[in-house]
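To keep things clear, I will list the structure first and then write my remarks on it.
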Amino acid sequence: MPELPEVETTRRGIAPALLGHRVLELKVRERRLRWPIPALIESALRGQIVRSVDRRAKYLLIGCDSGTAIVHLGMSGSLRVLDCDAPPRTHDHWDLCLETGQCVRYHDPRRFGSLLFTRQDPDRHRLLAVLAPEPLSEAFDGAYLYAASRGRSVAVKALLMNSRIVVGVGNIYASEALFRAGVPPTLPAGRLTRERAAALAAAVKQVLAEAIRIGGTTLRDYVDATGEPGYFRQELNVYERAGQPCRRCATPIRRRELAQRSTYWCPRCQRR
DNA sequence: ACTGGCTCCTGAGGGC
DNA sequence: TGCCCTCAGGAGCCAG
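Counting in the working numbering, the first sequence runs from 1386 upward without gaps.
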């Protein structure tokens, strides 16, 4: 599923089709996503002009005068800009139709994603209010990560994936950032030194920024708003490369389960 | 306050 | 072809 780079790529792709345009209607075909799509949402969006298309963590925020639609892509979700009359495929759960004749169409086989609506400041919504800083913001740096990791026994990889520590870092980019920083994923977070925390924070920023630049990572079903895959897959150093030689030192890449997620690392480049 | 485990759901791929 | 198993870009929620 989409991590921050894929969500940001999606945001950039759908924004031109939405911004300043009037919503004709929201067509819902399947309300049963992670949470049921709220019953009031069609009437709240009908006739509204889209004022903003933002991202917070992995949430997309579509702002209108009546409130904000909060979209999450879950594990297998994607949004595409299509003509309203394009025939829907299986798992195309909703369309946001615009007066332009285009729509933003949500596709999500696993239905772990969500579509919610709030009339208040979206940052005050219960799902967003608890979120940590954005990884690409100045608030996230080595000093912050060092402080946030004190007294923690969890593996540093799990810490990176904790949205109360930093948002947007999912299973791919956590492994990739740890590789770039030379930190083993199993290292207890509290054992990070200041130097390594700084290297890791920098690696997180670097890997996310690079991935955004080339449209994110497509492993299976992710596509951007035009239906194109992302090209970061070819830049991956460790993710889904178990048994293959490390690109830096040729040692076979290892895989193990950590906090119920597949984790990849180079045992030579990433040492305690 | 932390930590680990479970859960939602569909589809792809491999072994027999 | 079919059946059964494992695994998959997330993350809220719960018990201990």
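All C-beta atoms, glycine included, are put in the ideal place defined by N, C-alpha and C.
Assigned secondary structure, residue i (DSSP; H/G/I helix, E/B strand, else coil)
i               : result
isoleucine 1550 : coil
lysine 1443     : coil
leucine 1425    : coil
leucine 1512    : helix
tyrosine 1624   : coil
tyrosine 1649   : strand
isoleucine 1557 : helix
isoleucine 1597 : helix
Residue i versus the options, residue with shortest Cα-Cα distance
i              : options                            : result
glutamine 1487 : Leu1411, Ala1582, Tyr1444          : Leu1411
alanine 1540   : Gly1527, Pro1518, Ile1557, Ala1574 : Ala1574
arginine 1496  : Pro1390, Asp1526, Asp1477          : Asp1477
arginine 1436  : Arg1576, Ala1586, Leu1404          : Leu1404
threonine 1485 : Gly1498, Thr1475, Ser1534, Val1466 : Val1466
serine 1499    : Pro1518, Asp1468, Ala1454          : Ala1454
proline 1387   : Ile1597, Gly1432, Arg1656          : Ile1597
leucine 1572   : Ala1543, Arg1504, Thr1602          : Ala1543
glycine 1527   : Gly1555, Ala1588, Pro1473          : Ala1588
arginine 1657  : Glu1595, Val1413, Val1568, Pro1494 : Val1568
Neighbourhood of residue i by C-beta distance below 8 angstroms, restricted to the same chain and skipping five residues each side
i              : result
cysteine 1634  : Cys1651, Arg1653, Cys1654
lysine 1590    : Pro1520, Leu1521, Phe1525
leucine 1643   : Ala1540, Lys1542, Ala1543, Pro1570, Thr1571
serine 1548    : Ala1442, Val1515, Leu1516, Ala1517
threonine 1636 : Pro1630, Cys1651, Pro1652, Arg1653, Cys1654
proline 1614   : Gly1600, Thr1603, Tyr1607, Val1608
Exposed unless 16 or more other CB atoms sit within 10 angstroms - verdict on residue i
i              : result
valine 1515    : exposed
leucine 1483   : buried
serine 1538    : exposed
arginine 1581  : buried
proline 1507   : buried
threonine 1475 : exposed
proline 1401   : exposed
alanine 1471   : exposed
Cut-off 6 angstroms between Cβ atoms - residues of its own chain near residue i, not counting five sequence neighbours on either side
i             : result
alanine 1584  : Ala1566
leucine 1577  : Ser1534
tyrosine 1444 : Ile1455, His1457
Contacting residues, own chain, Cβ-Cβ under 7 angstroms from residue i (five flanking each side not counted)
i             : result
valine 1623   : Ser1560, Glu1561, Phe1564, Ile1638, Tyr1649, Trp1650, Cys1651
arginine 1641 : Thr1648
Beta-ladder partner(s) of residue i, from DSSP
i               : result
isoleucine 1455 : Leu1446, Leu1501
glutamate 1642  : Ser1647
isoleucine 1434 : Arg1407
tryptophan 1420 : Bridge partners of tryptophan 1420: none, in fact.
valine 1608     : In DSSP, valine 1608 forms no bridge with anything.
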